[in-house]
Structure formats: C-alpha cells, structure tokens
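Heads up: the sequence shown at position 120 corresponds to 120 in this note's numbering, and the numbers run straight through without jumps.
All C-beta atoms, glycine included, are put in the ideal place defined by N, C-alpha and C.
Quick caveat, the model's predicted, so the values are computed rather than measured.
Quick notes on the structure that follows.
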Amino acid sequence: MPKNSKVTQREHSSEHVTESVADLLAHEEPVDYKRSVLNVTGETWDKQKDGEEELDAENRPAWNSKLQYILAQIGYSVGLGNVWRFPYLCQKNGGGAYLVPYLVLLIIIGLPLFFLELAVGQRIRRGSIGVWNYICPRLGGIGYASCLVCFFVGLYYNVIIGWSIFYFFKSFQYPLPWSECPIVKNGSVAIVETECERSSATTYFWYRETLDISNSISESGGLNWKMTLCLLVAWSLVGLAMIKGIQSSGKVMYFSSLFPYVVLVCFLVRGLLLRGAVDGIMHMFTPKLDKMLDPQVWREAATQVFFALGLGFGGVIAFSSYNKQDNNCHFDATLVSFINFFTSVLATLVVFAVLGFKANIMNEKCVVENAEKILGYLNTNVLSHDLIPPHVNFSHLTAKDYNEMYRVIMTVKEGRFKELGLDACLLEDELNKSVQGTGLAFIAFTEAMTHFPASPFWSVMFFLMLINLGLGSMIGTMSGITTPIIDTFKVRKEVFTVGCCIFAFVVGLIFVQRSGNYFVTMFDDYSATLPLTVVVILENIAVAWIYGTKKFMQELTEMLGFRPYQFYYYTWKYVSPICMAVLMTASIIQLGVSPPGYSAWIREEAAEKFLFYPTWAMAILISLIILASLPLPLVFILRQFHLVSDGSNALSVTYKKGRMMKDISNLEDNDETRFILSKVPSETPSPMPTHRSYLGPGSNSPMEMSSAPNGRYGSGYLLASTPESEL
C-alpha cells in the first residue's frame, strides 16, 4: 500500500483509530486492486487486457451532437405503427376518447420505462447484454432475449420496407399502375381481369401484382423474384447505414427522421384542401365516451404505448450508451415520448383527411350505381314514378336526394325491398370501414392517391416516407443486436454488421415466397408481444427491486445533477410493474381466447377468408415465443448454480480508473457490514477469517490480524468479494 495512504499512517500511529472502514476508504487514492496487494480474489492481472478495457471505455463512440442523438431516438421510436396502427386504434376505440387512455398510460407506463432504459444505457455505457449483466447477473438473459426479439422483428420489418421500395419505383409512371384493372384478351375478346373486377384495382395490384399471393400458408408457391430483389435492396440500405456504427447511422438519421415530417405536413395541407377531408377528421375526433370504460380499449392503448416507444428491444439502451455521462436523459425521455405522441396524432389527421376524401368518392360512386338501378326499375315498371320525389334530378343526384328516395322506396316496398338490391350509400358506413397495417398503406391510401391531382408525385412522396420511417426503426432495431454483441464479444463492427445483414437476408427469404405475407403476419402477431412484455417487467424488477430504487435514484442524481421527481420512484417500484403484469396477463388471455389464424386471400373468390394455422405452423408459432423467452430462465439457471461465471468475484469497490465507488462516507453502520462482507454476510464466504473494525496496532482484539498467507496487508481489514453489479 502507498506509504502516504491514510491507512498506513494510522497503522504507524499510536493514536486510537475512530474512523470506520468506509471513512478510511473514502480518502484513499483510487488504486487498481488487481495491481495491488488488495487483490484477494486470486485473479492475475493481465496488463494488456486491462489496458484494452480502459481504452475501450475511453474510446467508446459518441454522438456528434445532441440533435443527432435526439433524431436517432425519434427515428427509432416513430415508425410505421404511428402511421398505420395508431389511426386504426383511434377509430376503433372511440375516436377522440381513445386519446385519454393512451395519454394516461403513456405517462404512467411509457415515460417512466423509457426514462429507465435511457438512464441505464447512459450510466453503464454498454448495450443491453452488458447493462443487465452489470445490474443483475442472474437476469443477464434479458439482454440476450432482447437481441433475439430484435432479430425476429428485423426479419419481417425489412420485408415491409421491401414492399415500400417496390411501390416507390412503380410510382414513377402515369397513370399509376394500380389505378385501373388490367385488360386480358380471351381470344379476340378483351375483358377485365376477373379477380380485379370482383375486388378493386388497388386490392388486385397488392395481392396479385406485388405479392402474387398463394391461397394459404401451406402453399409455398416458390420465391417471388421481384420481392426477393426488393428485400436485397432493403438489407443493403440497412447494412450501409449501420456499417460504421453511429458514425454512419447518425448521419442517415438527419434525413430519415426529418423527411417523414415534411411529407406528413405536405399531406395534411393537401388533404385539408380535398373535398370531404373535414368529414373524415370530424368522424375521427368525435368522442365515443362509453368506449373509455371498456378494458379492451385500455389493453390496446397500453400495447400501443409499449411498442411505439420501442421498450425492451435494446435499441433505446444502445443509442443512449453513446451519450456523455452528464447528458440530461430525463429531458430526452420526455421530449421523445411526447414527439412520438404528437406524431401519431399528426399521422391520424393526415390518414383521416385522406380517408374522408376517399369515403366521399366511394359514396358518390355508390349513389351513381344505385341510381342506375333505380332508373332501370322505373323503365321496367318494377317501381312507380310516383315514388320519386319531384325535386330529384337524376342528372345531378346528390347523396341527400338519394337517401330521401331510398327511404321512400324502402317504406313502400317493405316486403320485397331486399330483392331490389339497393344500398343505403351512407357516408358514415364508408368512414366506419376500419383498415390498418398493409391494408391501409397499400390498399386504402393508394386508392385515395389515384384521385389526387399529380398522383405519381404524391405516391412517390408517400412511399419514400414509409421507407424512411422503416429505415429509422430498423437502424434502432439492428443497434439492439449489434451494440450488445460487439460490446460483449469484442467482434469487429464492420464484419459483424455485414454478416448479420447477409444472414438475415437468407433467413428472410421465407417472407418473399408467395405465401410470405402469412409468415409476416405470424411473426408480427406472436414473435415479440409476449416475450417483450416479460423482458420489460424483468427490466423494471431488476432496477427497482434488485438493484434498488433508492440507489438508482441516487446515481441518477449524481449523473444528472438534480434529483428526478418522486413520481418516478413510485412508478418504477409499484405502478409500472403492476400495470405491465396486468398487460401480460391480458395478452396471455387474448392469445388463448383468439384462435391462432390469419386472413388468406382466396384467388377464386377474390376475397379474404380467415383460416386457422396448420399444425406445423402452430409449432413454428410456439417455437418463436419459447425461443425468444428461453435466454431468461437459461441464464438464470446457469448463473444461479455457478455453471458459468457471473462476475461475482469482482470487488464491491472497483479500484479502477474512473470507477471508484462514490459516497462511501455516507454509508450507515449496517451498510458497512454489507460493504465488507457482501450484501448478506453469509452469502459470500470470505477467503480470510472474519475481522472486526480496525482498532489500531496496539489492539488486544482476538480478531486482530490473521496469520493466513493472505493476511499480509497489515491493515487489519478485509474487502470481501461482492458482485459489482449489486452496488
């Protein structure tokens, strides 16, 4: 021990020592225990390895600016779900009333857990594997489970980007290829394609021209070469964006994060100028307050909050790990959470302005078709001319006039009305046709854009926006894989990124078969929901109950320079775990109640039909859930029974540059015992006989100094080995 250390000075002094062990250590110079005689673990000091670790910590990449980091987090959290999932849930669950449960759950679940992930990533400066190994080695499987879920999600998410790329390139022509049904020749006669005629031009283009979809998941149909090529382009884009880590992906985020907002604003302005846009927005935000009492609405709102912020994937932790220690991550969490919410509302305005326009177009088409039927019945005397109100003009028939005529005919011909085959043609019915996901983006929205002036321009903008939204989320998802793996196993960044993309492309070929869309549905429904819910619950428990909420709050105070609100203390410790447990239970019940199935497109019927998964598909489905959750119990068992090292032989106080434990002087008496002998004195056996507090060289204490070989310190106290992760 250094001669000028306080402990050595006290040893050669006749003065009685009154300081506790914690007081003594608080004034010691940081010393690397592996290089000093304080090494009681038997570890040999590897100078080269130790130097590499220090160099790695000092040379960790960092964001070029705070703006770049914020844009990366926004690009990751704001994804395709904001555009095609949130508007659907809003319409389905009470319009404007749905915003209330969503906002409440965002505040009590989303924001605290998002802040927690940002804080642990920034504090520990490692990916998800390293973070959870540090906080609680026995729950280290959290990081591996996050990586697996990221891989599953990345596989099918990039297929959606591939679809958007296909539509993007098809948009550079006028008229748009999905605006009209194709004409086929049957001998000398030209007829409209039957499948298209029985559905619609946009539906036909999606299912037949784009996917060339089979009738069921059991019919593979071989690879769709067009989609295979688009998937290759999508993975190439992701690989190029990720190959240099945040140095390359950070620059991509300037465009991929900001461009969607430019497009959304342009679409909103254009949409508001369209006829019927106000009808759509009014329909959207008319609150159905009774829906707020429905538990299903709250469950779906919680699930949307959960996935909108990207909780549990590891991408949030990965991005925040490249921050400086004193970055205000509380501000970041609040800013990104509410930008995400307002983006969802903005996208909802855009979607329903456009769908309001589409509903008016479809309603007018319905009125014209049914007016022709009525004229036919009038000419054949099936209906009397006396039934038609005198002010009705068939040349300029309005929806209001048609509805009046419809009600009169329905009243008079009550017994035989169904035989006439007339439709009500109500605008409300068109607006109530809820669509989500691919149905919204590739069918409903594309159909609406065919009626826009300069429709190719708007189509190019829309699909370029989808590509950028998807790319931003994919960069975050892939960071959830690459950052923890590179941190933990020290592999070369470029080699691993390229290898990962190639492997994902090969595995992803399952999604570009003719039956590939059904596998996308399966992975989307089952590969992430339940495993991620479990992951986030365990993250919350690891920090709040194992690491300790008070201790975590204290570290945040040191890191941020101010103490976070007590609100976070109670949400982390009680509210969030309970809410997440309820969500997990509801998700399991939902999986049990809803039969596992998918909507198949039947070519002969030109319609969708719900089919159950076959036995082999059910086996894949169950395997996805088990495989994603498997690291959690596996790592726990391996470390609980010491089958693999969990780092528990590291000293509590790490005498390593920049990592000296703080606030030792604030330890209470009972904390000193924990500090010396581990969290529970009997938990970690000391390599030396037990010692009491140091009383000076003249002490007559029977617990004075050990004659054991390791008792050569001459300081009369012992640092027992406690897992660093428990501090």
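For Phe151, the enclosing alpha helix (DSSP H) covers residues 141-170. The criterion of a C-beta distance shorter than 8 Å is satisfied by Asn370 and Cys425. The residue among Glu419, Phe319, Ile107 with its C-alpha nearest the C-alpha of Ser337 is Ile107.
Contact between the segment 108-126 and the segment 512-529 is absent, with fewer than three C-beta pairs closer than 8 Å. Exposure of Ala619 is indicated by the presence of fewer than 16 other C-beta atoms within 10 angstroms of its C-beta.
Look at Gly597 here: in three-state DSSP terms it is strand.
Contact between the segment 521-534 and the segment 163-171 is absent, with fewer than three C-beta pairs closer than 8 Å.
For Asn224, same chain residues with a beta-carbon under 8 Å away, outside a window of 5 residues either side, are Leu211, Asp212, Val512, Gln513, Arg514, Gly516 in chain order. Contact fails between the segment 485-504 and the segment 249-264, because fewer than three Cβ pairs, one in each stretch, are under 8 Å apart. Unbroken beta strand (DSSP E) runs of no fewer than 3 residues, entirely contained in the segment 187-257, are found at 189-192, following chain order. Around the beta carbon of Pro389, fewer than 16 other beta carbons lie within 10 angstroms, which makes this residue exposed. Straight-line spacing of the CA atoms in Thr488 and Ile317 works out to 14 Å. Burial is judged here by how many other beta carbons sit within 10 angstroms of a residue's own beta carbon; Asn432 has fewer than 16 and is exposed.
Counting only residues of its own chain and dropping the five nearest sequence neighbours on each side, Val233 has a CB closer than 6 Å to the CB of Ile165.
At least 8 Å separates the beta-carbon of Val354 from that of Leu387.
In the three-state DSSP reduction, Gln513 falls in the strand class (E or B).
About 4 Å separates the beta carbons of Gly314 and Ser146, which is inside the 8 Å limit, making them a contact pair. In the three-state DSSP reduction, Val184 falls in the strand class (E or B). In the structure shown, Ala607 adopts extended strand secondary structure according to DSSP, grouped into three states.
Cβ-Cβ separation between Ile160 and Gly470: approximately 6 Å, consistent with a contact (criterion under 8 Å).
Taking 8 Å as the cut-off, the Cβ atoms of Leu643 and Leu139 do not count as close. Contact check for Ile339 against Ile74 passes: the beta carbons are separated by less than 8 Å.
For Ile388, the three-state secondary structure derived from DSSP is coil. When DSSP states are grouped into helix, strand and coil, Phe352 belongs to the helix group. Distance between Phe567 and Ile622, taken at the CA atoms: about 38 Å. CA-CA distance, Gly121 to Leu311, rounds to 13 Å. The straight-line gap separating the alpha-carbon atoms of Tyr167 and Arg407 is approximately 43 Å. The secondary-structure analysis by DSSP pairs Phe341 with nothing; it has no beta-bridge partner. The C-alpha of Trp178 lies about 31 Å from the C-alpha of Asn403.
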